[in-house]
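In order, the protein sequence lines correspond to chains A and B. According to our numbering, the residues represented by the first sequence are -4 to 485, in order. According to our numbering, the residues represented by the second sequence are 16 to 435, in order.
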Amino acid sequence: MTKLVCLAVVLASCLTFTGAAAALQGEPGKLVVKAGTIVTLGGDEIRNGAVVVENGRIVAVGTDVEIPYDATVLEFPDKVLFPGMVNCHDWGGLDRPNESIPVAPFLDVADALDPSSVDFEEDLRQGVTTVGVSQGHDCIIGGMGRAVRPLGLTPPEMTVKQETGLKISVAARRRSNRMIQMSQLRQAFHDLDEYTGQVAEKKYEDDLKKKDKKIEVGPDEAREKGKALLRADDLDDKHRNLYRLTTGAIGSFVYAEKAMDVKVAIDLARERGFFDRMTLVVGSECFKAAATLKEAGRPVILTELVHREQDPWTGEIEETFVPGVLAREGVRFALLPEGGSLGARYLWYQAARCVRNGVTRQTALESITLVPAEALGLRDRVGSIEVGKDANLVVLSGDPLDSLTWVEKVFIEGRLAYDKDKDIRLLELLEGLTRDEIEEGGEAMESPEDGASGATPEVDPETDGGKDDGGTEGDGSDGGFLSGERRHAG
Amino acid sequence: MRKLLWITVFQLGVVLLGAAPAMADETVLLRAGWLHTGDGAAIEGGCVLVRNGKIAAVGRDLALPEGARLIEAEEGAITAGLIDAASRAGVGPGAGEQSSEFVPRLLVADEVDLTSPDFQSLMRCGVTTVYVSTDSSSVVGGRGAVVRTGSSRGKATLVSSQGALGATMSADAYMRGAFNQSPFGAPTATARRPTTRMGLVWAWRKGFYDAMALRDGVTPPSGNPVVRSDEDLRVLIDVMAGKIPLRVMARTRDDILRVVRLSEELGFTFVLEEALEVYRCLDVIQSKEIPVIFGPLLDETMGTRLPQESDRLCLRTPSMLKDKGVLFALTARELGGESALPFQACFAMRYGLSFEAALAAVTSAPARILGIDKRVGRVEQGMDADLVVWSGPPFRPTTRAIAVLVEGVIVHSEAEGDGS
Chain A
-4 MTKLVCLAVV LASCLTFTGA AAALQGEPGK LVVKAGTIVT LGGDEIRNGA VVVENGRIVA
56 VGTDVEIPYD ATVLEFPDKV LFPGMVNCHD WGGLDRPNES IPVAPFLDVA DALDPSSVDF
116 EEDLRQGVTT VGVSQGHDCI IGGMGRAVRP LGLTPPEMTV KQETGLKISV AARRRSNRMI
176 QMSQLRQAFH DLDEYTGQVA EKKYEDDLKK KDKKIEVGPD EAREKGKALL RADDLDDKHR
236 NLYRLTTGAI GSFVYAEKAM DVKVAIDLAR ERGFFDRMTL VVGSECFKAA ATLKEAGRPV
296 ILTELVHREQ DPWTGEIEET FVPGVLAREG VRFALLPEGG SLGARYLWYQ AARCVRNGVT
356 RQTALESITL VPAEALGLRD RVGSIEVGKD ANLVVLSGDP LDSLTWVEKV FIEGRLAYDK
416 DKDIRLLELL EGLTRDEIEE GGEAMESPED GASGATPEVD PETDGGKDDG GTEGDGSDGG
476 FLSGERRHAG
Chain B
16 MRKLLWITVF QLGVVLLGAA PAMADETVLL RAGWLHTGDG AAIEGGCVLV RNGKIAAVGR
76 DLALPEGARL IEAEEGAITA GLIDAASRAG VGPGAGEQSS EFVPRLLVAD EVDLTSPDFQ
136 SLMRCGVTTV YVSTDSSSVV GGRGAVVRTG SSRGKATLVS SQGALGATMS ADAYMRGAFN
196 QSPFGAPTAT ARRPTTRMGL VWAWRKGFYD AMALRDGVTP PSGNPVVRSD EDLRVLIDVM
256 AGKIPLRVMA RTRDDILRVV RLSEELGFTF VLEEALEVYR CLDVIQSKEI PVIFGPLLDE
316 TMGTRLPQES DRLCLRTPSM LKDKGVLFAL TARELGGESA LPFQACFAMR YGLSFEAALA
376 AVTSAPARIL GIDKRVGRVE QGMDADLVVW SGPPFRPTTR AIAVLVEGVI VHSEAEGDGS
């Protein structure tokens, strides 16, 4: 019976996603979204403006824009329109965050991506329209990341951008230490040199053979000459991505846990030629290396907002608000959700924390939109409401940084991807109802027996409160989950 | 000898110096964009005058007395200091007594570390008074303690060690592993009772019936005593006589109703703690007028604090309690940081509670439940000057406490470079 219920729930969630996926496949028409306030982040806030969308892209923004005669016009006069938020470093949608092979640049997160993960559902609920999926920190050289939209049934359907970057860690893996970490990291690049040298030498020889020439140079010179002929496709899976990293063809997310790791990461990137497309993923203590981060000029992803440190002499715990330090220094940073805490699991809340601690509103808002977009190499596509960008739009009930504000609708590339009125799981959580009860119109919330006081204590009948689960199996019509018509009037 | 004298003088100097920056008799005037007194009134441009540790005057346009210190927040607000009525601050995890499952004579005050950084961080986010509850791993634990989080000496102070008696009606009291260990030596199956919910309810009954026997001067029926001393039983006698309040931690609806039935059978009144599924039996709670200390609030999409106990959340529970007219307080229990009490109020508001009700749930309501509402919990002339000045509207994620006063002493102020 329980299994049956589980199956029903799974089926129901599939149905929800089918609905969303169907929307994804449909031909996007012309759309105009009007709102009382448009927080563009690309320029000034616009009062009573409109966003014109064609083929999933924004073609016009402003108060005085031409409305195409054949466009669907949606009006939200008392709402705030905000660009879709960008969660740029997350492994929530992966079945597990780390591979046990420490050097694995041949992996791709797409192969572990679970499109039906509740994490993606939760992303939509919180107004996140782009997720940078990456593997965890527990690696030396990890797999390839990917930017996805939290919408679709398969990884290809979800993909916004392939190959956002390789994961690298200069901090010690679990049950290891920094010396081992760095020696293995150096070894990996050394192996790459060796291997590419061999391939280059062979390539050079083959090249000469083709031209019927004889080899007149020594192996070292042959290697050097062959390197010019070398292409990524000549290399095996194990080395290809690492080679492309060193030629600047792909980006990287380099994890630096402590301040001491920051310089090491930057030096390694400079030495190995991947600095220009590197994003640093930093632990809270890295605020101590703020000047180094500033000098590097690369975007930084913050894994924790508050650094706590106990003074070894007095025992006092000192707290540092990391974004505050980085903002003062002028380092561009992107925020991530933090697990566990009540609000900190939400990107908008993380930005609100920044404002609470003295960071300017603009910087805080950019840290959940434009900067993470830059970290994913998607600054020209997402992160603000500007002409030419993807129409990722979030309709908010109020100010983006206020806890009383709700995400009401989410558009991804011009298609409606989330509607709060039809969010059954949210309704369940808010009202404490089961799906059956929602189907019945919320009547079964409180059993009639609860009202009866003075039950004889001696008997102590541990009956299940009279809630009748029996009669609901037959009428679980599919439409009810998606339609949201029978919303319980709380 | 002379050296000793010098040392004494030196020590005295240090003590005085330590107390100097925040003297209790300092006169302070607080002025902010809004003053929320806690009884429904919101005074624009409200002021609070603090003298001798008490609130001397409340109103608009109060003049700054000579020599008084001014704390001003034009965009901000003033409220009473927050009160957490079921905190676990100052006691580490697993601080429950393991030698017996029935220990009413114990005092949590003996376990509380007043120098713990817990109190510092609570104080900085606006919590001025906490009630430290018993650990939930005993069937009947000890009596809780009321603690003020700050003072002129810079540490927390004990207000009362004779708080309510804490009891548990949940799996915590019989779960093995992280919760209950057998007391000494090799673990045995019989070292620690109970091991099931049946045993749990039996332990409750046995304890209370033994106490009744002692009270009525009859020989208790034979059987395994769960209560070891008369001292313990006397606490239960006082509970049944209504002299000592009883706190019961219960999460699921069945457990809550189980306590209600026991309360009728054994003749006690109680305050419900944690109460995750209270929304499923609101009518009973309302008709029996049982006060509820709800929390901590959870808004995980999946799973709960203790999955074995309940998988049915209801985020609107605080506003449902309010609608039913139940006296309820919010608690963060052992949680701090972004889950601390002001943020519990923040998310209770997100899930439908009005600001006034949220404010009451973290100030006047817990004060009433703790029986200290004559002294704290509202901003009113003559009350203790436990006050918070907020940087903006209280209980919003962008707002922080910029000044906190405990009994008129400024224990936290951003002006002194204490901020962020």
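Using N, Cα and C, we set each Cβ at its ideal position, and we do this for glycine too. Quick caveat, the model's predicted, so the values are computed rather than measured.
Proximal residues of chain A, C-beta to C-beta of residue i below 8 Å
{"i": "proline 260 of chain B", "result": "What proline 260 of chain B touches in chain A: nothing, since even the nearest Cβ is about 21 Å away."}
{"i": "glutamate 324 of chain B", "result": "Within chain A, no residue comes near glutamate 324 of chain B; the closest Cβ sits about 15 Å away, beyond 8 Å."}
{"i": "leucine 97 of chain B", "result": "Per Cβ cutoff of 8 Å: no residues; leucine 97 of chain B is ~15 Å from chain A at best."}
{"i": "leucine 336 of chain B", "result": "Going along chain A, no residue has its Cβ under 8 Å from leucine 336 of chain B, so there is no contact; the nearest lies around 12 Å."}
{"i": "aspartate 314 of chain B", "result": "Leu337 and Leu424"}
{"i": "tyrosine 146 of chain B", "result": "Correct list: empty, because the minimum Cβ distance to chain A is about 21 Å."}
Any C-beta of chain B under 8 Å from that of residue i
{"i": "valine 126 of chain A", "result": "no"}
{"i": "aspartate 397 of chain A", "result": "yes"}
{"i": "serine 336 of chain A", "result": "yes"}
{"i": "alanine 347 of chain A", "result": "yes"}
{"i": "tyrosine 413 of chain A", "result": "no"}
{"i": "arginine 42 of chain A", "result": "no"}
{"i": "arginine 351 of chain A", "result": "yes"}
{"i": "lysine -2 of chain A", "result": "With a pLDDT of 43 at lysine -2 of chain A, under the threshold of 50, the modelled position of that residue is not reliable, and the figure given next carries that caveat. Taking Cβ atoms only, chain B never reaches closer than 8 Å to lysine -2 of chain A, which makes this a no."}
{"i": "alanine 167 of chain A", "result": "no"}
Nearest candidate by alpha-carbon position, reference residue i, set the options
{"i": "glutamine 177 of chain B", "options": "B:Asp187, B:Tyr224, B:Val216 and B:Asp253", "result": "B:Asp253"}
{"i": "histidine 427 of chain B", "options": "B:Asp401, B:Ile271 and B:Pro409", "result": "B:Asp401"}
{"i": "arginine 267 of chain A", "options": "A:Arg181, A:Ile363, A:Gly131 and A:Gly87", "result": "A:Arg181"}
{"i": "glutamate 280 of chain A", "options": "A:Gly292, A:Pro318 and A:Asp231", "result": "A:Pro318"}
{"i": "lysine 25 of chain A", "options": "A:Gly37, A:Val54, A:Glu40 and A:Leu36", "result": "A:Val54"}
{"i": "lysine 222 of chain A", "options": "A:Gly243, A:Lys197 and A:Asp207", "result": "A:Lys197"}
{"i": "proline 311 of chain B", "options": "A:Gly393, A:Ala264 and A:Gly338", "result": "A:Gly338"}
{"i": "serine 153 of chain B", "options": "B:Lys170, B:Ala171, B:Thr210 and B:Thr284", "result": "B:Thr210"}
{"i": "arginine 411 of chain B", "options": "B:Gly74, B:Gly91, B:Leu229 and B:Ala72", "result": "B:Gly91"}
{"i": "tyrosine 190 of chain A", "options": "A:Lys233, A:Glu211 and A:Pro151", "result": "A:Lys233"}
{"i": "serine 102 of chain B", "options": "B:Gly61, B:Tyr146 and B:Arg75", "result": "B:Tyr146"}
{"i": "serine 115 of chain B", "options": "B:Arg220, B:Asp247, B:Arg393 and B:Ala71", "result": "B:Asp247"}
{"i": "aspartate 314 of chain B", "options": "B:Ala71, B:Arg331, B:Thr413 and B:Ile305", "result": "B:Arg331"}
{"i": "threonine 130 of chain B", "options": "B:Ala100, B:Gly141 and B:Gly165", "result": "B:Gly165"}
Rounded distance between the beta-carbons of residue j and residue i, thought under 8 Å
{"i": "leucine 45 of chain B", "j": "isoleucine 86 of chain B", "result": "5 Å"}
{"i": "alanine 359 of chain A", "j": "valine 350 of chain A", "result": "5 Å"}
{"i": "isoleucine 259 of chain B", "j": "alanine 290 of chain B", "result": "About 21 Å separates the two Cβ atoms, so there is no contact after all."}
{"i": "valine 382 of chain A", "j": "glycine 79 of chain A", "result": "The Cβ separation is near 16 Å, so there is no contact."}
{"i": "arginine 168 of chain A", "j": "cysteine 134 of chain A", "result": "7 Å"}
{"i": "phenylalanine 269 of chain A", "j": "threonine 241 of chain A", "result": "6 Å"}
{"i": "alanine 104 of chain B", "j": "leucine 173 of chain B", "result": "About 12 Å separates the two Cβ atoms, so there is no contact after all."}
Neighbour list for residue i in chain B, Cβ cutoff strictly below 7 Å
{"i": "glutamate 426 of chain A", "result": "Cys329 and Arg331"}
{"i": "alanine 339 of chain A", "result": "Glu353"}
Interface flag, residue i vs chain A, CB-CB below 8 Å
{"i": "glycine 318 of chain B", "result": "Note that glycine 318 of chain B has pLDDT 42, beneath the 50 cutoff, so the model's placement of it is unreliable and the number below is only indicative. Cβ-Cβ to chain A under 8 Å: no for glycine 318 of chain B."}
{"i": "glutamate 289 of chain B", "result": "no"}
{"i": "aspartate 128 of chain B", "result": "no"}
{"i": "phenylalanine 285 of chain B", "result": "no"}
{"i": "cysteine 140 of chain B", "result": "no"}
{"i": "cysteine 361 of chain B", "result": "yes"}
{"i": "phenylalanine 309 of chain B", "result": "no"}
{"i": "phenylalanine 223 of chain B", "result": "no"}
{"i": "arginine 415 of chain B", "result": "yes"}
{"i": "arginine 17 of chain B", "result": "Below a pLDDT of 50, predicted positions are generally treated as unreliable, and arginine 17 of chain B, at 47, falls in that range; the measurement from the model is reported next regardless. Not closer than 8 Å to any Cβ of chain A, the Cβ of arginine 17 of chain B fails to qualify, so no."}
{"i": "phenylalanine 343 of chain B", "result": "no"}
{"i": "tyrosine 294 of chain B", "result": "yes"}
Chain-ordered chain B contacts of residue i [CB-CB under 9 Å]
{"i": "isoleucine 312 of chain A", "result": "Pro132, Gln135 and Ser136"}
{"i": "tyrosine 344 of chain A", "result": "Glu353 and Pro412"}
Closer than 9 Å at the beta carbon, the chain A residues around residue i
{"i": "proline 209 of chain B", "result": "Neighbours of proline 209 of chain B on chain A: none; closest Cβ ~15 Å, over 9 Å."}
{"i": "methionine 364 of chain B", "result": "Ser398 and Leu399"}
Taking one C-beta from the region 310 to 321 of chain A and one from the region 115 to 123 of chain A each time, how about it: are there three or more such pairs within less than 8 Å?
no
When the Cβ atoms of the region 158 to 170 of chain A are set against those of the region 138 to 145 of chain A, are three or more pairs found closer than 8 Å?
yes
Cβ contact check for the region 392 to 409 of chain B and the region 111 to 120 of chain B: 3 or more pairs under 8 Å
no
Please confirm if the region 44 to 51 of chain A is in contact with the region 291 to 306 of chain A, defined as three or more CB-CB distances below 8 Å between the two stretches.
no
The region 294 to 303 of chain B contacting the region 126 to 140 of chain B, beta-carbon criterion three pairs below 8 Å:
no
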